[in-house]
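Presented below is the structure to which this report refers.
2 protein chains.
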Amino acid sequence: MLKNYSAEDKVLLAVDCIIFGFDNEDLKILLIKRDFEPEKGKWSLIGGFLKKNETLDNAATRILHRLTGVHNIYMEQFYAYSEVDRDPVERTISVSYYALINIENHNEELSEHFNAKWFSLSKAPKLIFDHNEMLEKAIRRLQRKARIKPIGFELLPEKFTMLQLQKLYEAILNKKIDKRNFINKINSLDILIKLDEKDMTSSTKGSFLYKFDQEKYDDKLMSDFYIKL
Amino acid sequence: MLKNYSAEDKVLLAVDCIIFGFDNEDLKILLIKRDFEPEKGKWSLIGGFLKKNETLDNAATRILHRLTGVHNIYMEQFYAYSEVDRDPVERTISVSYYALINIENHNEELSEHFNAKWFSLSKAPKLIFDHNEMLEKAIRRLQRKARIKPIGFELLPEKFTMLQLQKLYEAILNKKIDKRNFINKINSLDILIKLDEKDMTSSTKGSFLYKFDQEKYDDKLMSDFYIKL
DNA sequence: TCAAAAGTGTTTATAGTACACCCATGG
DNA sequence: CCATGGGTGTACTATAAACACTTTTGA
Numbered sequence: 001m002l003k004n005y006s007a008e009d010k011v012l013l014a015v016d017c018i019i020f021g022f023d024n025e026d027l028k029i030l031l032i033k034r035d036f037e038p039e040k041g042k043w044s045l046i047g048g049f050l051k052k053n054e055t056l057d058n059a060a061t062r063i064l065h066r067l068t069g070v071h072n073i074y075m076e077q078f079y080a081y082s083e084v085d086r087d088p089v090e091r092t093i094s095v096s097y098y099a100l101i102n103i104e105n106h107n108e109e110l111s112e113h114f115n116a117k118w119f120s121l122s123k124a125p126k127l128i129f130d131h132n133e134m135l136e137k138a139i140r141r142l143q144r145k146a147r148i149k150p151i152g153f154e155l156l157p158e159k160f161t162m163l164q165l166q167k168l169y170e171a172i173l174n175k176k177i178d179k180r181n182f183i184n185k186i187n188s189l190d191i192l193i194k195l196d197e198k199d200m201t202s203s204t205k206g207s208f209l210y211k212f213d214q215e216k217y218d219d220k221l222m223s224d225f226y227i228k229l
Numbered sequence: 001m002l003k004n005y006s007a008e009d010k011v012l013l014a015v016d017c018i019i020f021g022f023d024n025e026d027l028k029i030l031l032i033k034r035d036f037e038p039e040k041g042k043w044s045l046i047g048g049f050l051k052k053n054e055t056l057d058n059a060a061t062r063i064l065h066r067l068t069g070v071h072n073i074y075m076e077q078f079y080a081y082s083e084v085d086r087d088p089v090e091r092t093i094s095v096s097y098y099a100l101i102n103i104e105n106h107n108e109e110l111s112e113h114f115n116a117k118w119f120s121l122s123k124a125p126k127l128i129f130d131h132n133e134m135l136e137k138a139i140r141r142l143q144r145k146a147r148i149k150p151i152g153f154e155l156l157p158e159k160f161t162m163l164q165l166q167k168l169y170e171a172i173l174n175k176k177i178d179k180r181n182f183i184n185k186i187n188s189l190d191i192l193i194k195l196d197e198k199d200m201t202s203s204t205k206g207s208f209l210y211k212f213d214q215e216k217y218d219d220k221l222m223s224d225f226y227i228k229l
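From first to last, the protein sequence lines stand for chains A and B.
Take the first sequence: its letters are residues 1 to 229, numbered as in the UniProt record's numbering.
Take the second sequence: its letters are residues 1 to 229, numbered as in the UniProt record's numbering.
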């Protein structure tokens, strides 16, 4: 007996991308203004449909690039949304992906002919369909991740100050962190290299710049740890 | 402009269920022998296709029940597999779910006219398609979960001994745990009720039975903690 | 000289880890 | 009376948390 696959229902499979960025102050999310019905003119996650001959990972990368110009981003899949009426036009299941990117590194790509725009999380507009739910879940995922893996490499410029890194953690975890405890914790992880340079823009005294020690950082990514902050 | 959804590719969407059970000794996985081509006669996860008018959660529940008789199980979705050739017959994306169940509670349901069988993780056969990969990922997910959430309620009988609970954690984490440290840790979580009864089957002295304090257990489920064992 | 951010350590509290002996009972 | 699993506590170590003052320098 060969099972009759042709008797099974086929559906549209979409991918929606939740792209987080950081501007040294707030955690931001990249959204686009829809230029087609339904919900034309409303804000939406970056999404599109899976094609027959690509994986979901490929689709996410392709769609992100098509709609925003951003490329070379590692995205992580996190949940499939399947409410029957989630898309009013036709039955569509959506698999969501999220990524962290450095806003500055991608500003040129995000040029004007794309309808994409960064929003602070606290000022994000209402989104179409179940996209707000996706965003909420992605934030929770990101917060959990920040506690068990080092994070920051993707969101900060190559060289950054301790205060920038701390602000990033504060933005993700949405809470104030004690400066001394933060520095002690980060130093104990042993993933930063302290440079000789100082950033002079933020104060008269200037603050030392750091960069990630790629090798040690990658090691830590492999093995879980727990940051309680 | 109304976007032409009809130009988009549709695909088959499958659900595969990774069902973990525990027999007081080993962590086990429920598999079925396929009774149709391709790969007829080989062992497989419990899977089937999503129908047009159900959510993925519904599909997982329906498929599990259809193929094994097991019902009333809460499953958690965890990953979508989309390699282009993962199913040789036709392009199929599969969303995997996992659940923990108490083997004893479901033995009657798992009657003979189903082709389902429990395998110890260490003795699980080679599975079809990418199902081994799904199983590996599910185990890692379960291990991570066991470290940040209380676990056991679903896998143990209503009344159980400390040793049973410890064996469960040892099976999931795949390591020996010190008895005293384990008891101290579990007691500090404050989710068990010690009963007056003893289980006399395991030793001459008998060992006290416990049950989960449903309310406190549910509270702990909400807020993450960290068990390092 | 002073405003503004950088930098720096210690103490206390909590949680994790390692470890070994006596107890109760049925056979 | 002894074999078997049940039950119990303490000392040590590591990590987390709370907390405040001095330094630098450009304006």
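No residue lacks a Cβ here, since even glycine has one placed at the ideal position from N, Cα and C.
- request: Ignore the nearest five residues each way along the sequence and tell me which others in B/A80's own chain have a CB closer than 8 Å to its CB.
  value: I93, S94, V95 and S96
message: If distances are taken between C-alpha atoms only, which option among A/K137, A/L142 and A/V84 comes closest to A/L100?
response: A/L142
Identity of the residues DSSP links to A/Q77 by a beta bridge: A/Y97
query: Measuring CA to CA, which of A/K220, A/K159 and A/E170 is closest to A/D196?
result: A/K159
task: Check the Cβ-Cβ distances between A/R180 and every residue of chain B, and say whether any is below 9 Å.
output: no
task: Could you tell me whether the Cβ atoms of B/N115 and B/D16 are closer together than 9 Å?
output: no
field: Cβ neighbours of A/N174 in the same chain (closer than 7 Å, five flanking residues each side left out)
entry: none
- prompt: Would a C-beta distance cut-off of 9 Å place B/A138 and B/F78 closer than the cut-off?
  reply: yes
- prompt: Unbroken beta strand (DSSP E) runs of length 3 or more, entirely within the segment 112 to 175 of chain B: which are they?
  reply: 116 to 120
query: Pick from A/K216, A/E104 and A/L67: whose alpha carbon is nearest that of A/I151?
result: A/K216
task: Grab me the residues of A/M1's own chain with a C-beta within less than 6 Å of its C-beta, minus the 5 sequence neighbours each way, in chain order.
output: Unreliable positioning characterises A/M1 in this predicted model, as indicated by a pLDDT of 48, which lies under 50. The coordinate reading is nonetheless provided below. Answer for A/M1: no residue qualifies.
message: Just to confirm the assignment, what range does the beta strand (DSSP E) spanning B/L189 have?
response: From DSSP, B/L189 is part of no beta strand (DSSP E) but of the alpha helix (DSSP H) over K179 to L189.
query: For B/L45, which residues does DSSP report across the bridge?
result: None; B/L45 has no bridge partner.
Neighbourhood of A/M200 by C-beta, 7 Å cutoff - its chain only, sequence neighbours within 5 removed: G206
- request: Evaluate the contact criterion for the segment 19 to 34 of chain A versus the segment 161 to 178 of chain A: three or more CB pairs, one atom per stretch, below 8 Å.
  value: yes
task: Measure from the C-beta of B/A124 to each C-beta in chain A and report whether the shortest distance is under 9 Å.
output: no
- prompt: Apart from the five residues just before and just after B/D218, which ones in its own chain have a Cβ nearer than 6 Å to its Cβ?
  reply: none
- prompt: In angstroms, rounded to a whole number, what distance separates the CA positions of A/M134 and A/T204?
  reply: 43 Å
task: Starting from the C-beta of B/I193, find all residues in its chain whose C-beta is less than 8 Å away, skip the five residues before and the five after it, and write them out in chain order.
output: Y210, K211, F212 and D213
task: Tell me whether A/K68 sits in a helix, a strand or coil according to DSSP, three-state version.
output: With the sequence shown as reference, residue 68 of chain A is identified as Thr, and Lys is not the correct amino acid for it. Residue state, collapsed to three classes: helix.
query: Identify the residues that DSSP records as bridge partners of A/K10: which are they?
result: B/L12
task: Quick one: give me the first and last residue of the alpha helix (DSSP H) that A/L30 is part of.
output: No alpha helix (DSSP H) contains A/L30, which is instead part of the beta strand (DSSP E) from L27 to K33.
field: Within chain B, partners of A/E83 - CB distance below 7 Å
entry: T55
query: Would residue 303 of chain B be called buried (16 or more neighbouring beta carbons within 10 Å of its own) or exposed?
result: There is no way to answer for residue 303 of chain B, as the model of chain B reaches only from 1 to 229.
Length of the line joining the Cα atoms of B/S202 and A/S82: 47 Å
- prompt: Counting along the chain, where does the beta strand (DSSP E) carrying B/E197 start and finish?
  reply: L192 to D199
CB contact flag (B/L127, B/L31, <9 Å): yes
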